[in-house]
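Reviewing the structure listed below.
Numbering (my numbering), first residue to last: 6 to 330.
Quick look at the structure:
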């Protein structure tokens with residue numbers, strides 16, 4: 006199956022549609038969660054103004070996931086994040102983004118992924134950029150939009166600062182550009198709430214309401230243990246193969262890989278501060294996992310083992326959805 010996604014034409018991303026349908030079909034036939042009370046202001050606005058029944062939620066999340074996958078493929082090709090241009094990044098994003106039945110609806114975390122990907126695109130564009138102000142500002146702006154979608158993603162403000170200093174030499178001016186971009190959405194929102202006289206009652210509770218220490222929504226059950234285990238196995242596999250991922254890389258590629266590992270760290274740290282956190286929080290890991298898995302599978306020499314590893318992941322997901330939930 007992997008050979009189908011070896012093409013370097015982004016137009017052939019259309020092949021991800023049947024691939025995603027097979028992985029996410031559970032949402033079209035069985036009941037899944039479509040209401041979430043742990044989102045940020047932007048996610049709450051979407052839920053309140055758009056009637057999200059199960060079908061609409063599943064379809065919108067399906068389309069959004071595919072758009073995010075195509076965007077990641079484009080980023081991977083543009084910034085040479087893999088040894089060859091292929092569709093692996095999008096394929097693995099769809100795969101990881103479908104691991105749990107809790108990933109199948111339009112969750113606040115999935116909405117936030119859109120903005121995280123755009124912010125990452127701007128950060129990757131900073132390497133040796135002579136006029137970085139636009140990239141810095143845009144990265145900060147989109148990181149703020151992610152935080153407004155899903156509260157714990159506010160941690161990624163620090164991620165943006167760290168990534169900026171990994172990519173470029175330390176510069177107070179460039180850090181301030183990113184900070185200014187980050188503050189703009191919050192200033193605009195504060196101005197709106199102040200204008201309607203609702204600043205204290207709505208603005209600050211919306212912004213700070215996500216803060217809670219180890220506030221899990223449910224007890225871990227067997228059906229959620231399996232996707233968590235799959236994600237853990239993928240993470241361990243990436244750690245074990247760190248040397249393979251970094252060998253024979255240019256300075257730019259090495260820095261990009263470090264940024265992806267920092268991304269993983271901040272995704273996991275968000276678990277500890279998100280109110281009502283549950284497994285859908287982990288969908289943010291699909292972003293760095295997809296890029297790193299794409300590079301790893303491109304570098305694997307054995308076609309047989311690549312197919313075996315992918316097939317095990319691909320088959321485990323629908324089996325878990327239909328028979329172990």
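Quick reminder that beta carbons are idealized off the backbone N, C-alpha and C, glycines included.
Query raised in the report: Leaving out the 5 sequence neighbours to the left and right, which residues in its chain are closer than 7 Å to residue 96 when beta-carbon positions are compared?
Result: 10, 21 and 24
Query raised in the report: How many angstroms separate the CA atom of residue 268 from the CA atom of residue 160?
Result: 10 Å
Report task. Go to residue 143, then tell me how far its alpha helix (DSSP H) extends in each direction, as first and last residue. Result -> 138-154
Query raised in the report: Does residue 230 come within less than 9 Å of chain C when only Cβ atoms are used?
Result: Given the protein chain composition of this structure (a single chain), no chain C is represented.
Query raised in the report: Once you ignore the five residues that flank residue 325 on each side, which residues in its own chain have a CB closer than 6 Å to its CB?
Result: 231
Query raised in the report: Straight-line CA distance for residue 262 to residue 122?
Result: 15 Å
Query raised in the report: Below 9 Å between beta carbons: does that hold for residue 239 and residue 298?
Result: yes
**Report entry** residue 155 versus 31, 119 and 131, residue with shortest Cα-Cα distance
**Finding:** 119
Report task. Name the two residues that bound the continuous alpha helix (DSSP H) containing residue 49. Result -> 46-54
Query raised in the report: Quick one: is residue 283 buried, meaning 16 or more other Cβ sit within 10 Å of its Cβ, or exposed?
Result: buried
Report task. With a 10 Å radius around its C-beta and 16 neighbouring C-beta atoms as the bar for buried, classify residue 150 as buried or exposed. Result -> buried
Report task. Please classify residue 197: is it buried, with 16 or more other beta-carbons within 10 angstroms of its beta-carbon, or exposed? Result -> exposed
Requested in this report: Sort 110, 112 and 141 by Cα distance to residue 124 and report the nearest one.
Outcome: 141
Requested in this report: Classify residue 127 as buried or exposed, calling it buried when 16 or more other Cβ atoms lie within 10 Å of its own Cβ.
Outcome: buried
Query raised in the report: Do you know how far the Cα of residue 275 is from the Cα of residue 71?
Result: 24 Å
Requested in this report: Can you grab the Cα-Cα spacing for the pair residue 270 / residue 54, in whole Å?
Outcome: 34 Å
Query - Continuous alpha helix (DSSP H) stretch holding residue 29: start and end - result: 21-29
Requested in this report: Quick one: measure Cβ to Cβ for residue 300 and residue 250, integer angstroms, because I've assumed they're closer than 8 Å.
Outcome: 6 Å
Query raised in the report: Would you call the CB atoms of residue 194 and residue 48 closer than 9 Å?
Result: no
**Report entry** Close Cβ partners of residue 308 (< 7 Å) along its chain, the five nearest in sequence each way excluded
**Finding:** none
Query raised in the report: Exposed or buried, residue 27, counting other C-beta atoms within 10 Å across all chains shown (16 or more means buried)?
Result: exposed
Requested in this report: Could you check the C-alpha separation between residue 13 and residue 83 for me, to the nearest Å?
Outcome: 12 Å
Query - Nearest-angstrom beta carbon gap, residue 107 and residue 38 [assumed within contact, 8 Å] - result: 6 Å
Requested in this report: Give me the Cα-Cα distance between residue 287 and residue 138, rounded to the nearest whole angstrom.
Outcome: 31 Å
Query raised in the report: With C-beta atoms as the reference, is residue 113 less than 9 Å away from residue 41?
Result: yes
Report task. Tell me whether residue 186 sits in a helix, a strand or coil according to DSSP, three-state version. Result -> helix
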